[in-house]
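Enquirer: Structure below; questions to follow.
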Amino acid sequence: MPVYEFKAKPNRSQCVAIDEAIRVAQFIRNKCLRLWMDEEKVGKYDLNKYCAVLAKEFDFASKLNSQARQASAERAWSAIAHFYDACKQKLPGKKPYPKFKKNTRSVEYKTSGWKLDEDRKGVTFTDKTGIGHLRLKGTWDLNYYPLEQIKRVRLVRRADGYYVQFFVQVDIAVETEPTGKAVGLDVGLESFYTDSNGQKEENPRFYRKAERRLKRLQRRVSKKQKGSKNRIKARQRLGRAHLKVQRQREEHAKRLARCVTTSNDLVAYEDLRVRNMVKNHCLAKSINDAGWYQFRKWLEYFGRKFGKVTVAVPPQYTSQKCSSCGAIVQKSLSTRTHVCECGAELDRDHNAAINILRIGLRTAGHAGTGLLDSQNAWGEVANTLAEATQSEQVAS
Numbered sequence: 012m013p014v015y016e017f018k019a020k021p022n023r024s025q026c027v028a029i030d031e032a033i034r035v036a037q038f039i040r041n042k043c044l045r046l047w048m049d050e051e052k053v054g055k056y057d058l059n060k061y062c063a064v065l066a067k068e069f070d071f072a073s074k075l076n077s078q079a080r081q082a083s084a085e086r087a088w089s090a091i092a093h094f095y096d097a098c099k100q101k102l103p104g105k106k107p108y109p110k111f112k113k114n115t116r117s118v119e120y121k122t123s124g125w126k127l128d129e130d131r132k133g134v135t136f137t138d139k140t141g142i143g144h145l146r147l148k149g150t151w152d153l154n155y156y157p158l159e160q161i162k163r164v165r166l167v168r169r170a171d172g173y174y175v176q177f178f179v180q181v182d183i184a185v186e187t188e189p190t191g192k193a194v195g196l197d198v199g200l201e202s203f204y205t206d207s208n209g210q211k212e213e214n215p216r217f218y219r220k221a222e223r224r225l226k227r228l229q230r231r232v233s234k235k236q237k238g239s240k241n242r243i244k245a246r247q248r249l250g251r252a253h254l255k256v257q258r259q260r261e262e263h264a265k266r267l268a269r270c271v272t273t274s275n276d277l278v279a280y281e282d283l284r285v286r287n288m289v290k291n292h293c294l295a296k297s298i299n300d301a302g303w304y305q306f307r308k309w310l311e312y313f314g315r316k317f318g319k320v321t322v323a324v325p326p327q328y329t330s331q332k333c334s335s336c337g338a339i340v341q342k343s344l345s346t347r348t349h350v351c352e353c354g355a356e357l358d359r360d361h362n363a364a365i366n367i368l369r370i371g372l373r374t375a376g377h378a379g380t381g382l383l384d385s386q387n388a389w390g391e392v393a394n395t396l397a398e399a400t401q402s403e404q405v406a407s
């Protein structure tokens with residue numbers, strides 16, 4: 012479901028009203044989570060019914076639209092369902108037990124509680140929160156879609172202001188001509204990725220480049236007195252700096268993913284568990300700065316959009332196995348050249364990319380379909396798009 016985002020232009024009283032609506036949504040989510048913890052056999056629909064009880068019990072909760080309250084309950088159930096899925100799959104390690112939210116930044120409306128202007132350049136929130144009419148600033152044209160296709164509207168607070176997101180139910184598939192090409196990608200830290208053709212993409216290292224400025228802004232926050240207006244201003248400057256780095260990383264991953272998927276019919280990549288890899292404190296900062304997860308997310312999204320095959324292959328032995336003879340050649344991370352007894356000598360990442368491509372082609376051949384729904388994580392991408400930022404918007 013594509014997300015179209017606009018910058019909102021609220022006045023001071025509207026900012027206070029939006030913040031209050033976000034706090035109410037957080038309160039309802041936490042109360043629903045507490046109900047699930049205290050009582051047995053509480054399901055999704057029980058949480059939705061509990062929203063009406065909270066509205067009668069608390070006057071401030073009744074000001075929020077009824078469907079917005081249900082959307083907050085659905086957020087609580089989403090965390091609970093994620094915990095149940097992890098238990099059923101018997102994943103190793105600590106299970107993601109649901110936690111109470113302390114710093115929620117958004118409130119979500121469904122099909123009621125809001126009304127678009129005739130020119131689609133503004134939106135009015137009709138509940139009792141006092142938000143009222145908001146002017147929208149952006150380049151997307153909502154006139155292209157009927158109101159029935161707009162399923163959700165979300166108000167988001169960020170370091171640089173407030174945004175309004177519209178979730179539109181529309182078919183994103185685009186017909187493209189086959190290219191007859193396939194590529195394997197090996198992501199890394201020295202270069203962002205190396206493909207099976209030997210081409211390398213430079214790692215931009217956005218956080219490393221901005222780290223000096225971020226440290227300076229962080230020191231300024233630490234020196235300000237807690238609770239003072241100067242500390243609030245310093246925190247806002249620090250938040251805007253972090254937001255810029257985040258958007259740079261997301262836009263870079265999006266641009267590369269679109270180029271790769273439109274240039275090839277099949278894209279194979281490693282099924283990396285980034286959450287486990289960042290436990291290495293020596294490499295955690297560099298891994299997070301690379302943005303491998305964002306790149307994979309957009310690869311799978313554009314693969315679905317343009318009808319291309321995206322295959323996630325197991326990463327085991329892709330770097331150690333020789334792409335020429337198949338022998339295992341043990342080497343440390345510092346060894347950047349693959350040298351085998353069969354005479355093969357090439358870059359370590361290039362060797363891994365060739366192995367990834369071969370595994371991907373073998374997997375696609377067994378699947379027997381042009382789109383591997385079981386291999387890609389399209390459902391995961393859809394959830395991610397629901398949390399999309401400005402740089403994550405997808406053109407129609």
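If you want the numbering used here, it's the position in the sequence shown, counting the first as 1, plus 11. Don't be surprised by glycine CBs; every beta carbon is placed ideally from N, CA and C.
In the DSSP output, which residue or residues are listed as bridge partners for Asp206?
Expert: For the purposes of this step, residue 206 is identified with residue 195 of the sequence shown, where counting begins at 1. Asp206 pairs with Leu196.
Enquirer: Which parts of the region 29-56 are runs of the alpha helix (DSSP H), unbroken and 4 residues or longer, counting only runs that do not cross its ends?
Expert: none
Enquirer: Only counting runs of 4 or more residues, tell me where the alpha helix (DSSP H) segments fall wholly within the region 58-138, in order along the chain.
Expert: DSSP assignment within the region 58-138 yields the following whole alpha helix (DSSP H) runs of 4 residues or more, N-terminal first: 70-73, 77-100.
Enquirer: Quick one: grab the DSSP three-state call for Ile365.
Expert: Here residue 365 is taken as the residue at index 354 of the sequence shown, counted from 1. Reduced to three states, the DSSP call for Ile365 is helix.
Enquirer: Runs of 3 residues minimum, wholly inside the region 282-346: which ones carry the beta strand (DSSP E) assignment?
Expert: 320-324
Enquirer: Given Asn241, which residues of its chain have a CB within under 7 angstroms of its CB, disregarding the five upstream and five downstream residues?
Expert: The residue you call residue 241 lines up with position 230 of the sequence shown. Once the five neighbours on either side are set aside, the close Cβ partners of Asn241 are Lys235.
Enquirer: Between which two residues does the beta strand (DSSP E) containing Thr348 stretch?
Expert: In the sequence shown, counting from the first residue as 1, residue 348 sits at position 337. Residues 348-350.
Enquirer: Taking the C-alpha atoms as reference points, what is the distance between Asn362 and Thr346?
Expert: Here the question's residue 362 lines up with position 351 in the sequence shown. Here the question's residue 346 lines up with position 335 in the sequence shown. About 13 angstroms.
Enquirer: Taking a contact to mean a Cβ-Cβ separation below 9 angstroms, would you say Leu127 touches Gln25 in this structure?
Expert: In the sequence shown, residue 127 corresponds to position 116, counting from 1. In the sequence shown, residue 25 corresponds to position 14, counting from 1. Cβ atoms of Leu127 and Gln25: not closer than 9 angstroms.
Enquirer: Hey, would you say Ala87 sits closer than 9 angstroms to Leu58, going by beta carbons?
Expert: The sequence position of residue 87 within the sequence shown is 76, counting from 1. The sequence position of residue 58 within the sequence shown is 47, counting from 1. Closer than 9 angstroms, so yes.
Enquirer: To the nearest angstrom, report how far apart Val232 and Ile183 are at their CA atoms.
Expert: The sequence position of residue 232 within the sequence shown is 221, counting from 1. The sequence position of residue 183 within the sequence shown is 172, counting from 1. Looking at the two C-alpha atoms, the distance is approximately 44 angstroms.
Enquirer: As a quick exercise: from Thr122, Ala245, Tyr218, pick the residue whose alpha carbon is nearest that of Arg258.
Expert: Position 247 of the sequence shown, counted from the first residue, corresponds to residue 258. Nearest of Thr122, Ala245, Tyr218 to Arg258, Cα basis: Tyr218.
Enquirer: Between which two residues does the alpha helix (DSSP H) containing Ile243 stretch?
Expert: Against the sequence shown, residue 243 aligns to sequence position 232. Here the alpha helix (DSSP H) through Ile243 covers 240-274.
Enquirer: In whole angstroms, what is the alpha-carbon distance linking Lys105 and Phe94?
Expert: Locating residue 105 in the sequence shown gives position 94, where the first residue counts as 1. Locating residue 94 in the sequence shown gives position 83, where the first residue counts as 1. When rounded, the distance between both Cα atoms is 10 angstroms.
Enquirer: Answer yes or no: do Asp138 and Lys74 have a C-beta to C-beta separation smaller than 9 angstroms?
Expert: As a position in the sequence shown, residue 138 is number 127, starting the count at 1. As a position in the sequence shown, residue 74 is number 63, starting the count at 1. Yes, they are a contact pair.
Enquirer: Whole angstroms is fine: what's the gap from Tyr200's alpha carbon to Asn22's?
Expert: Residue 200 sits at position 189 when you count from the first residue of the sequence shown. Residue 22 sits at position 11 when you count from the first residue of the sequence shown. One point to set straight first is that residue 200 is Leu, not Tyr, in the sequence displayed. Cα to Cα, the separation comes out at about 44 angstroms.
Enquirer: For Val53 and Trp47, I'd like the C-alpha separation in whole angstroms.
Expert: Start at 1 with the first residue of the sequence shown, and residue 53 comes out as number 42. Start at 1 with the first residue of the sequence shown, and residue 47 comes out as number 36. Spanning the two alpha carbons is a distance of roughly 6 angstroms.
Enquirer: Across which residues does DSSP place Leu357 in a beta bridge pair?
Expert: As a first step, residue 357 is located in the sequence shown; it is residue number 346 there, counting from the start. For Leu357, which the question treats as bridged, DSSP gives the partners His349.
Enquirer: Is it buried or exposed for Glu356, if we count other Cβ within 10 angstroms and need 16 for buried?
Expert: In the sequence shown, the residue the question calls residue 356 occupies position 345. Around the beta carbon of Glu356, a 10 Å sphere encloses fewer than 16 other beta carbons of the protein chains shown; the residue is thus reported as exposed.
Enquirer: How do the region 200-209 and the region 148-163 stand: do at least 3 beta-carbon pairs fall below 8 angstroms, yes or no?
Expert: no
Enquirer: Which same chain residues, not among the five before or five after Lys211, have their C-beta less than 7 angstroms away from its C-beta?
Expert: Start at 1 with the first residue of the sequence shown, and residue 211 comes out as number 200. Excluding positions up to five away in sequence, the list reads Ser202, Thr205.
Enquirer: Specify the secondary structure class of Arg216 as computed by DSSP and reduced to three states.
Expert: As a first step, residue 216 is located in the sequence shown; it is residue number 205 there, counting from the start. Residue state, collapsed to three classes: coil.
Enquirer: Return the chain-ordered list of same chain residues with a C-beta closer than 6 angstroms to the C-beta of Arg80, the five sequence neighbours on each side being excluded.
Expert: As a first step, residue 80 must be located in the sequence shown, where it is residue number 69. Hits under 6 angstroms: Ile39, Cys62.
Enquirer: Using 9 angstroms as the threshold, is the C-beta distance between Glu119 and Arg165 below it?
Expert: Position 108 of the sequence shown, counted from the start, is the residue given in the question as residue 119. Position 154 of the sequence shown, counted from the start, is the residue given in the question as residue 165. Result yes, Cβ atoms of Glu119 and Arg165 sit closer than 9 angstroms.
Enquirer: Under the three-state reduction of DSSP, which class applies to Gln25: helix, strand or coil?
Expert: Position 14 of the sequence shown holds residue 25. The answer is helix: DSSP assigns Gln25 an H, G or I state.
Enquirer: Taking 8 angstroms as the cut-off, does the region 312-330 touch the region 266-277 (at least 3 CB pairs, one atom from each stretch)?
Expert: The region 266-277 is in contact with the region 312-330.
Enquirer: What does the Cβ neighbour count give for Lys296, buried or exposed, with the cut at 16 atoms within 10 Å?
Expert: In the sequence shown, residue 296 corresponds to position 285, counting from 1. That one is exposed.
Enquirer: Quick one: Cα of Val198 to Cα of Trp303, how far?
Expert: The residue given as residue 198 occupies position 187 in the sequence shown. The residue given as residue 303 occupies position 292 in the sequence shown. Whole-angstrom Cα-Cα distance: 7 angstroms.
Enquirer: Let me make sure I understand the geometry here. Which of Lys192, Ala72, Arg266 has the alpha-carbon closest to that of Trp309?
Expert: In the sequence shown, residue 309 corresponds to position 298, counting from 1. Comparing Cα positions, the closest option is Arg266.
Enquirer: Closest to Ile161 by CA distance: which of Glu262, Cys333, Asp152 is it?
Expert: Translated into the one-based positions of the sequence shown, residue 161 becomes position 150. Per the Cα distances, Asp152.
Enquirer: Give the range of the beta strand (DSSP E) segment to which Val164 is assigned.
Expert: Counting from 1 along the sequence shown, the entry for residue 164 is found at position 153. Run containing Val164: 161-169, per the beta strand (DSSP E) assignment.
Enquirer: Taking the Cβ atom as the reference point for each residue, do Arg9 and Arg163 lie within a distance shorter than 9 angstroms?
Expert: Nothing can be reported for residue 9: it is not among the residues displayed for the chain, which extend from 12 to 407.
Enquirer: Alpha carbon to alpha carbon, how far is Val14 from Arg131?
Expert: Within the sequence shown, the letter at position 3 stands for residue 14. Within the sequence shown, the letter at position 120 stands for residue 131. When rounded, the distance between both Cα atoms is 15 angstroms.
Enquirer: Between which two residues does the beta strand (DSSP E) harbouring Val185 extend?
Expert: Mapped onto the sequence shown, residue 185 falls at position 174. Neither: Val185 is in no beta strand (DSSP E) and is coded neither H nor E.
Enquirer: With three or more C-beta pairs closer than 8 angstroms as the rule, is the region 250-257 touching the region 213-230?
Expert: yes
Enquirer: Identify which residue in Val181, Tyr280, Arg216 has its Cα closest to the Cα of Glu261.
Expert: Translated into the one-based positions of the sequence shown, residue 261 becomes position 250. Among Val181, Tyr280, Arg216, the Cα nearest to that of Glu261 is on Arg216.
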